[in-house]
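Q: Quick note, the sequence shown lines up with residues 2 to 509 if you use my numbering. Backbone N, C-alpha and C define an ideal beta-carbon position, used for all residues, glycine too. Bear in mind the structure is a predicted one, so any value in this text is a computation, not a measurement.
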Amino acid sequence: MVVVKSHLFLLLLLGTTSFVYGQGTTAPATASPSTITEKELEVAIGIDAIEKTDFDFNTRMTIGNEQLLKLIIVPEKREIIFKGLKPGRTTVTIRDNLGDVRLRYTVVITATGKSNVVSELRELIGDVEGLEIGIRGGKVFVGGEIVVPDDIGRVSKVLASYPEVLTLIELSPQTQRVIARKMGDELARNNLKDVTVRVVNKAFWLEGVVSSVDKKNLALIIAKAYLPPKILSLSETGEGRFATPGDASDIIDFIAINEKKDPQPAPKMVKVSSQFVELSKSYNKIFAFKWAPLMGEDNSSISFGQTESGNVTSTSAGTLSATISNLFPKLNSAKTAGYARIIQSGMVIMRDQKKGTISKDTTIPFAVGSGDFTKASSASIGLNMDIEPRILEQEKVEMAVNISVRLSVGSNTPPITTNNAISTNIVIKSKESAAIGGIVQNQSTTDYDNEPAAGGDGATPATPLFRLYRSKAYLTQKSQYVIFLTPEIIESASVGTEEIRKKFRRRE
2 MVVVKSHLFL LLLLGTTSFV YGQGTTAPAT ASPSTITEKE LEVAIGIDAI
52 EKTDFDFNTR MTIGNEQLLK LIIVPEKREI IFKGLKPGRT TVTIRDNLGD
102 VRLRYTVVIT ATGKSNVVSE LRELIGDVEG LEIGIRGGKV FVGGEIVVPD
152 DIGRVSKVLA SYPEVLTLIE LSPQTQRVIA RKMGDELARN NLKDVTVRVV
202 NKAFWLEGVV SSVDKKNLAL IIAKAYLPPK ILSLSETGEG RFATPGDASD
252 IIDFIAINEK KDPQPAPKMV KVSSQFVELS KSYNKIFAFK WAPLMGEDNS
302 SISFGQTESG NVTSTSAGTL SATISNLFPK LNSAKTAGYA RIIQSGMVIM
352 RDQKKGTISK DTTIPFAVGS GDFTKASSAS IGLNMDIEPR ILEQEKVEMA
402 VNISVRLSVG SNTPPITTNN AISTNIVIKS KESAAIGGIV QNQSTTDYDN
452 EPAAGGDGAT PATPLFRLYR SKAYLTQKSQ YVIFLTPEII ESASVGTEEI
502 RKKFRRRE
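#1: For residue 265, is the classification buried or exposed, using 16 other Cβ atoms within 10 angstroms of its Cβ as the cut-off for buried?
#2: With a CB to CB cut of under 6 Å and the five nearest residues on each side skipped, what residues in its chain are close to residue 283?
#3: With 16 as the cutoff for other CB atoms within 10 Å, does residue 106 come out buried or exposed?
#4: In or out: residue 441 buried (at least 16 other Cβ within 10 Å) or exposed?
#5: Does the contact criterion of 3 or more C-beta pairs under 8 Å hold for the region 214–232 versus the region 192–206?
#6: Could you check whether residue 89 and residue 64 sit closer than 8 Å to each other, using their CB atoms as the reference points?
#7: When you compare only the Cα positions, how much space is there between residue 172 and residue 129?
#8: Report yes if the C-beta distance between residue 438 and residue 382 is below 8 Å; otherwise report no.
#9: Three-state secondary structure (DSSP) at residue 180?
#10: If you drop the 5 nearest sequence neighbours on each side, which residues of the same chain put their C-beta closer than 6 Å to that of residue 489?
#11: Would you give the residue range spanned by the alpha helix (DSSP H) that residue 251 belongs to?
#12: Out of 45, 491 and 255, state which residue places its alpha-carbon closest to the alpha-carbon of residue 69.
#13: Helix or strand or just coil, what does DSSP make of residue 496?
#14: Please report the residue range of the alpha helix (DSSP H) in which residue 158 lies.
#15: Please identify the residue among 132, 49, 42 and 133 whose C-alpha is closest to the C-alpha of residue 91.
#16: I want to check one thing, is the minimum distance from the CB of residue 488 to the heavy atoms of the ligand NAD below 7 Å?
#17: Quick check: the Cα distance between residue 279 and residue 499, rounded to an integer number of angstroms?
#18: Using the beta-carbon count (16 or more within 10 Å), is residue 459 buried or exposed?
#19: According to DSSP, which residues form a beta bridge with residue 56?
#20: Measure from the C-beta of residue 87 to each C-beta in chain D and report whether the shortest distance is under 8 Å.
#21: Going by the DSSP bridge assignment, what does residue 111 pair with across the sheet?
#22: Taking only the alpha-carbon atoms, compute the straight-line gap between residue 205 and residue 181 and give it to the nearest angstrom.
#23: Where do the ends of the beta strand (DSSP E) carrying residue 101 lie?
#24: Look at the alpha carbon of residue 450 and the alpha carbon of residue 480, and state the distance between them as a whole number of angstroms.
#25: Near residue 333, which residues of its chain fall below 6 Å by C-beta distance, leaving aside the five closest residues on each side in sequence?
#26: Where residue 365 and residue 469 are concerned, what is the direct C-alpha to C-alpha distance, given to the nearest angstrom?
#27: On the three-state DSSP scale, how would you describe residue 28?
#28: Based on Cα-Cα distance, which residue from 146, 99 and 191 lies nearest to residue 176?
#29: How long is the line joining the alpha carbons of residue 285 and residue 473, rounded to whole angstroms?
#30: Within its chain, find whatever has a CB closer than 7 Å to the CB of residue 87; leave out the 5 residues flanking it on each side and keep chain order.
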């Protein structure tokens, strides 16, 4: 009997199960809408709300209005942090890892007096790197580490209007190290390379050795110029005060003074380059017309005379024979032009207010006299330069200059030489060139009907029957020379060595 009842109970149970599943085709794969949990949540701006779930949720949550609410998700602890942004009402839909909707929040964001302050502060200084703004312990606070020192003034100005806000702000240690490095770079640029800066307990320590009290004071002035505004401690804040201008209390002086005379700087050098340029031009033009026929004979003559009775007679001895030469007129026309340019250059390096000399001489030997009376002689040509420079302000150089240039003219023997010299005192700016002197000489000559000496044209010295000569010769000669000078102030005599090597094509 008991067995029958057990079977009947089992059949009833199976029938009930079949009836339940018979209402649909298959068992539901997802929870029905009646399984979605609905919750209402009120969040005050500035006061975050933390909600926990009893299932693993999908991190892709849907917010109805993202301008009102922000979510911070912590999947490991199944926590969701609700942060109100603006007053209003919105929804948040949460799904599980299978994509099914499991939870829906209806969130009401309210603005209290403190939350309004938080909203205003976030709008004013919320973009400052390193700051956090919120409500803790029932008080509005601004905390964190300011990274950019220039933001201190902005934050201080804003917080001055909110004296009730608790400030927990400090300057980032990394920023302090950056400021210390800038201090050190500026000290090095001012020839204080033995002074270093480091940050110790939020203070700037200046360490090192200087040679005088003035240099120590200069180091302190430079370090103070780089100080950022000082952030007050909690005991000092109040009545809207947050920061004050930096003062010397943030700098701790450990600089020692070792008074000694600084070594005298090496005297500067002056490189002086000179160029002597001589230019000569000549032009000769001649035109001549000559007609002088000649007659010559051998043992014959023609005579004309008068007898005693007054009659004109002519006599002849031998046979009359004569040859007339140069019967036709001769023309002579010629033009000649010449051009020559001579360049002499020299360069000398000397100390300031010290005389420098450079000389180049060439000797040309030649003989004087003839026979037993011949003797040797010589002519000297070249360049001599004496310069004494003195460096003035604004990179100007005053120079006492003596330059002499001797040159040979033509290829005559003995040689003909010319001497060009200049002596002056001038002021020229470094690396600039100036023409310090020169001479221009012009010579012009015109000859008319100047017949050359007898035999100069190859004619016989006999007397011509008649003579007709017309000529014009024009000769012009120009010569000029100029001396250029270029001083340059240099630190060492080795400056410019590379240029000299290139000129001589020297290879290491």
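A: In this structure, then:
#1: exposed
#2: 339 and 478
#3: In this structure residue 106 is buried. Its beta-carbon is surrounded by 16 or more other beta-carbon atoms within 10 angstroms.
#4: exposed
#5: By the Cβ criterion, the region 214–232 is in contact with the region 192–206, since at least three pairs of Cβ atoms, one from each stretch, lie closer than 8 Å.
#6: Contact: no.
#7: 13 Å
#8: Not a contact, by the Cβ cut-off of 8 Å.
#9: If DSSP states are grouped into helix, strand and coil, residue 180 belongs with the helices.
#10: Taking C-beta separations shorter than 6 Å and ignoring five residues to either side along the sequence, the partners of residue 489 in its chain run 272, 431 and 432, following chain order.
#11: Element bounds for residue 251: n/a, residue is neither H nor E.
#12: 45
#13: Residue 496: coil per DSSP, three-state reduction.
#14: 152–160
#15: 42
#16: Of ligands this structure carries none, so the ligand NAD is not represented either.
#17: Straight-line Cα distance between these residues: approximately 29 Å.
#18: Per-residue confidence for residue 459 stands at a pLDDT of 47, beneath the threshold of 50, marking its modelled position as unreliable; the derived number appears in the next sentence. Exposed, because fewer than 16 other Cβ atoms sit within 10 Å of the Cβ of residue 459.
#19: Per DSSP, none; premise fails for residue 56.
#20: The structure shown contains no chain D; it holds only a single protein chain.
#21: Answer is 45, bridged to residue 111.
#22: Spanning the two alpha carbons is a distance of roughly 7 Å.
#23: Per DSSP, residue 101 belongs to no beta strand (DSSP E) and is neither H nor E.
#24: The alpha-carbon atoms of residue 450 and residue 480 are separated by roughly 28 Å.
#25: 289
#26: 47 Å
#27: A caution first: residue 28 carries a pLDDT of 40, below 50, which makes its placement in the model too unreliable to give a value.
#28: 146
#29: 11 Å
#30: 68, 69 and 110
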